[in-house]
Amino acid sequence: MNIFLIAIIAINVIISFKGFDDVYFFRKYEFHVGSIRSGEQVRMVSSAFLHADIPHLAFNMLTLYFFAPVVYGNLGNLSFVLIYFGSLLFGSLLTMLFHKDDYSYRAIGASGAVTGVLYSAILLNPDMSLYLFFIPIPIPAYLFGIGYLLYSIYGMKAKNDNIGHTAHFGGAIGGYVITLIKLPSLFADNLLMVILLAIPIIILFVMAKLGKL
């Protein structure tokens, strides 16, 4: 098993379990717009290693475990780490962009970083299929990726749950952009897939520009 993947999972587990037992620690390092705007920028990163509970942690780490090999197998270890942390930051930055005036907004979890790795893996290997627990047939990875981001746009607009849809979307943008920078040959080798995966990103920014979010 890849040492970089093990290290990332281990850090998530250690910090998350610390947060489970220590409310002060959890509150000190969670994503909180008001605190970040007052100068506590460390929360932009630290919040991505905290989780609400064990199922939340397990889901993120299992997703990372299954899709990370596609990324480091194609791009190498350092690029995998760059995509993970780059997606994490993209997720936090997009969240701040959309919620900068909501001083009470809070968020936690590695979902932004993990979604970036997932989107990178789909871009690198769009022919792979995914099995969802509620659908007994394989789903093409690229359809899942597009559908997931369209659902994230809906969640950002509806604001009817506690899921950090904005961080998911920002992470996906990070994974998409960094992967294309690291492997620009994808524009020539699979231009259609590059365009298809960009559609939800374009829709998001058009809706934001029109004030629909």
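If you're matching positions, the sequence shown starts at 70 in this note's numbering and goes up one per residue. C-beta: ideal position from N, C-alpha, C; glycine also.
query, result
"Alpha-carbon to alpha-carbon, L261 and V246", "16 Å"
"Nearest-angstrom Cα separation, counted from Y98 out to A188", "It is worth fixing the name first, because residue 188 is Tyr in this sequence and not Ala. Between Y188 and Y98, the C-alpha separation is close to 26 Å."
"Identified DSSP bridge partners for F100", "A176"
"Option nearest N81 by Cα separation, candidates V114, V102, G103", "V114"
"Whole runs of the alpha helix (DSSP H) within the segment 72 to 133, excluding any shorter than 4 residues", "72 to 90, 92 to 98, 102 to 106, 112 to 115"
"Validate contact between the segment 144 to 157 and the segment 203 to 217 using beta carbons, cut 8 Å, 3 pairs", "no"
"Minimum C-alpha distance to N194 - residue among K87, V102, P138", "P138"
"Which listed residue (L199, N71, F100) has its alpha carbon closest to that of A236", "F100"
"Nearest residue (CA-CA) to I271, options F256, I242, N259, K169", "I242"
"Candidates M276, I77, A190, of which the one nearest Y223 by Cα", "M276"
"Range of the contiguous alpha helix (DSSP H) that encloses S221", "210 to 227"
"Proximity below 7 Å, CB of F128 to CB of I84", "no"
"Residue burial classification, G108 (beta-carbon count within 10 angstroms, cutoff 16)", "exposed"
"Closest residue to M130 among A227, A76, L249, G239 (Cα-Cα distance)", "A76"
"Start-to-end residues for the alpha helix (DSSP H) that takes in K278", "260 to 278"
"Straight-line gap, K278 to F167 (C-alpha atoms, nearest Å)", "12 Å"
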